[in-house]
Amino acid sequence: MSVKSKVLLLAFVLFIECESVEIQKRNVCRTWSGYWDINKDKNPDCFFNEDMYLDVPELLKKYFGYYETHEIETQDGYFITTYRIPKEKPKGYILFRHPATTDSVAWIIQGFESPALYFWKNGFEVWMTNTRGTDFSTKHKNLTAHDYNFWNFSFHEIALYDLGAALEYIYQRNNNNKIIVVGHSMGSTECLIYASMLPLKSKKYVHVFVLMTASTTFQFSRVNFLGNFIPFLQKLTTDDTVGVVLNKGSLMSRIVRSVCPLVPDLCIALYSFFGAGWSTEEPNPVETSIIFNQIPRALSVKCVLHYGQLISSGKFQMFDYGTANNEVYGSSYPPEYPVENIVTPIYLIVGSRDDLAPKEDTEAFYNKLPNIAKIYGKLNIEGMNHIDPIVGTNRKEKVYDKILNILNKLS
C-alpha cells in the first residue's frame, strides 16, 4: 500500500471515529436495518448500551458485583491476568479459554446471557484467563510488549505455559479439585496441545475439556487458500520490527472498531464468507455491534504463521522452523501433536455451518482419540457456524444446556 493510500485510509478512519462519537447516544439497534438509520433521534429500533465501552473488570462489576484478579506467572516469564468469580460451595470449577483476537471479554460481553454468568448461576465457580499479549496480560519479567522477543510465541507456548500455569494455580487454590476447561477455537487448540503433550498433568488437573469449534487441520476449511501466504508470513517472523498484529492502536484494529459497530451486518457477512460460515438465524444485531467494538485484541505473528502452517500442511503439527527443525526436534519436519496420547475426557462441539473448523476436519482428529477420551461423545449443532457457540442467538438451548447436562453428571 502506497503512502498516499495509507494517509487516505487513516483519514477515513479518523472521520468514522469522530462520527462514532456523535452517534454514541444510540449505539446499538434491535434490527439490522436500524443501523442504517442510526443517526435519527427518534429511531425506535436503536438505543444506548454502555457495555460497548466497558472493559472486562467493569463488566464483571456490573454483572457479578464481585470478582478477584489473580496474576499468574508462567514458566517462561509472562504474567497472565486471570479473573475469578467466586461461588460458595460450587459444583465445580470452570476455566474459560478464549479464542484468538479477543480476551476474557468473549465470555462476559453478552451480559445477562453470557457463558460466564450462565454457568456461575448454575452453581460453578468461574475463572477466565487472558492470553499473553492481550490487553490485560502484557507484563513479562524481562521484556516489554514493545520488544520483538516478547511476541516470540505461538499457541504452542500458550498451551504449555499459559494454560499449564493456570491449571496448576487454580488446582492448588481450590483444594486440589479438578477443573473443567471450556475452550473456543484457538482456546480449544491450546487444550488439545496441552492434553496431548502433557497427558499425565492433564489427567491430574482436568475433569473434562469442553471444546467448541476446535481448530486443528484445515483440509476441508474455507480458509485453506491462506496457505498461499505462508512465504509472506514467514518473512514477517524474520523481520524484528513486526511481532504482533491487531494490537491496540493498529490501523486494522481501528478500522474494525470504528466501522463494524456502525454496520455490523456488513462485517458479520464478510467474516462469515471468509471463514466462519453462514448462519442467518444466529447473529444478534445488538450483541454483534457491541462485540465488534471490543475486538480485535493483539495476536502474535507467530500464532498466525503457525495456523498458516497447519493450513498448508493439512496436519496438526508443531511449529515449522524450516532448516532449524533438526536442532529443535531432531528431525527435518515438525512432529504432529500426539492426540492419540490424550487420556482426559473431551466433549467436542461442532457447528454444522462452521466453515473454519468443519466437521470433516474435527472428525479426523476425533477419530484418533483413544476411547477413554471420548466417553462423553460429541455434540453436532445444526445451523451454527464457528462463532455461534458463544455469540449465537440460540446458544443457550443448543449449546450451554447440553454442556450443563454433562457437567451435572460430574458434580
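For reference, each letter of the sequence shown is one residue, going -20 to -1, 1 to 391 in mature numbering (1 follows the signal peptide of the UniProt record, and there is no 0). Glycine included, C-beta positions come from ideal geometry on N, C-alpha and C.
Worksheet item: Taking the alpha carbon of Val239 as the point to measure from, which residue in Ile270, Gly223, Ile74 has its own alpha carbon closest?
Response: Ile270
Worksheet item: Near Asp56, what residues of its chain come up, given a Cβ to Cβ distance below 6 angstroms and the 5 sequence neighbours on each side ignored?
Response: Tyr141
Practice prompt. Go ahead and pull the three-state DSSP assignment for Ser(-16).
Written response: Caution is warranted here: a pLDDT of 49 is assigned to Ser(-16), below 50, making its placement in the model unreliable, and the coordinate value is therefore given only provisionally. When DSSP states are grouped into helix, strand and coil, Ser(-16) belongs to the helix group.
Practice prompt. Give me the Cβ distance between Ile159 and Ile150, rounded to the nearest whole Å; I'm assuming they're in contact under 8 angstroms.
Written response: 6 angstroms
Worksheet item: Within 10 angstroms of its Cβ, does Ile65 collect 16 or more other Cβ (buried), or is it exposed?
Response: It is buried - the Cβ of Ile65 has at least 16 other Cβ atoms within 10 Å.
Discussion item. Per the DSSP calculation, Cys26 is bridged to which residue(s)?
Written reply: Cys9
Worksheet item: From Met298 to Asn132, what does the alpha carbon distance come to, in whole angstroms?
Response: If you take the alpha carbons of Met298 and Asn132, they lie about 15 angstroms apart.
Worksheet item: Hey, is the stretch 99 to 117 in contact with the stretch 258 to 276, meaning 3+ C-beta pairs nearer than 8 angstroms?
Response: no
Worksheet item: Can you list, in chain order, the residues of its chain whose CB lies under 6 angstroms from that of Gly163, leaving out five sequence neighbours each side?
Response: Residues Arg77, Cys171, Leu191 of the same chain have their beta carbon placed closer than 6 angstroms to that of Gly163, with the five preceding and five following residues left out of the count.
Worksheet item: Relative to the C-alpha of Pro276, which residue among Tyr301, Asp83, Ala175 is closest?
Response: Asp83
Worksheet item: Buried or exposed: which applies to Ile355, given that a residue is buried once 16 or more other Cβ atoms fall within 10 Å of its Cβ?
Response: Taking a 10 Å sphere around the C-beta of Ile355, we find fewer than 16 other C-beta atoms and assign the residue as exposed.
Worksheet entry | Three-way DSSP call (helix, strand, coil) for Tyr301 in this model | In the structure shown, Tyr301 adopts coil according to DSSP, grouped into three states.
Worksheet entry | Inter-residue spacing [alpha-carbon to alpha-carbon] between Asn360 and Thr193 | 10 angstroms
Fill in: Beta-ladder partner(s) of Gly72, from DSSP
Phe104
Fill in: Leu178 (DSSP reduced to helix, strand or coil)
In this structure, Leu178 counts as coil in the three-state DSSP scheme.
Worksheet item: Could you give the uninterrupted runs of the alpha helix (DSSP H) lying entirely in the stretch 225 to 259, keeping only those of 4 residues or more?
Response: DSSP runs (the alpha helix (DSSP H)) wholly in the stretch 225 to 259: 231 to 239, 244 to 251.
Worksheet entry | Those residues which DSSP pairs with Gly331 across a bridge | The bridge partners DSSP lists for Gly331 are Ile361.
Item to complete: Please report the residue range of the beta strand (DSSP E) in which His126 lies.
Response: Careful: His126 lies outside any beta strand (DSSP E) and carries neither H nor E.
Worksheet item: Any idea what DSSP makes of Arg77, helix, strand or coil?
Response: strand
Practice prompt. Give me the Cα-Cα distance between Asn374 and Thr324, rounded to the nearest whole angstrom.
Written response: Computed Cα separation, rounded: 29 angstroms.
Worksheet item: From Tyr327 to Ile88, what distance separates their C-alpha atoms?
Response: 22 angstroms
Discussion item. So the candidates are Tyr185, Ala146, Ser168, Thr196; which of them puts its Cα closest to the Cα of Glu316?
Written reply: Thr196
Item to complete: Look up Val340 in the DSSP assignment and say whether it is helix, strand or coil.
Response: The sequence shown places Glu at residue 340, rather than the Val named in the question. Note: Glu340 maps to helix in three-state DSSP.
Fill in: Beta carbon proximity, Ser165 to chain B, threshold 7 angstroms
The question asks about chain B, but that chain is absent: this structure has only one protein chain.
Item to complete: Could you pull out every residue in the same chain whose Cβ sits closer than 8 angstroms to the Cβ of residue 392, ignoring the five residues on either side in sequence?
Response: As displayed, the chain neither begins before -20 nor continues past 391, which places residue 392 out of reach and without an answer.
Worksheet item: If you run the structure through DSSP and keep just helix, strand and coil, what is Leu172?
Response: helix
Worksheet item: Exposed or buried, which one is Phe28 when buried takes at least 16 other CB atoms within 10 Å?
Response: exposed
Worksheet item: So, Pro146 versus Ile52, is the Cβ gap smaller than 7 angstroms?
Response: Per the sequence presented here, residue 146 reads as Ala, with Pro not at that position. Closer than 7 angstroms, so yes.
Item to complete: Taking the CB atoms as reference points, tell me whether Leu290 and Ser201 lie closer together than 7 angstroms.
Response: no
Discussion item. Could you give the first and the last residue of the continuous alpha helix (DSSP H) run that contains Ile322?
Written reply: Element bounds for Ile322: n/a, residue is neither H nor E.
Worksheet item: Helix or strand or just coil, what does DSSP make of Ser280?
Response: strand
Discussion item. Using only the alpha-carbon positions, how far apart do Asn388 and Ile367 sit?
Written reply: 25 angstroms
Discussion item. Quick check on the burial criterion: 16 or more other C-beta atoms within 10 angstroms. Buried or exposed for Ile248?
Written reply: The residue in question, Ile248, is buried, as its Cβ has 16 or more Cβ neighbours within 10 Å.
Worksheet item: Are the beta-carbon atoms belonging to Val319 and Phe345 less than 7 angstroms from one another?
Response: Taking 7 angstroms as the Cβ cut-off, Val319 and Phe345 qualify as a contacting pair.
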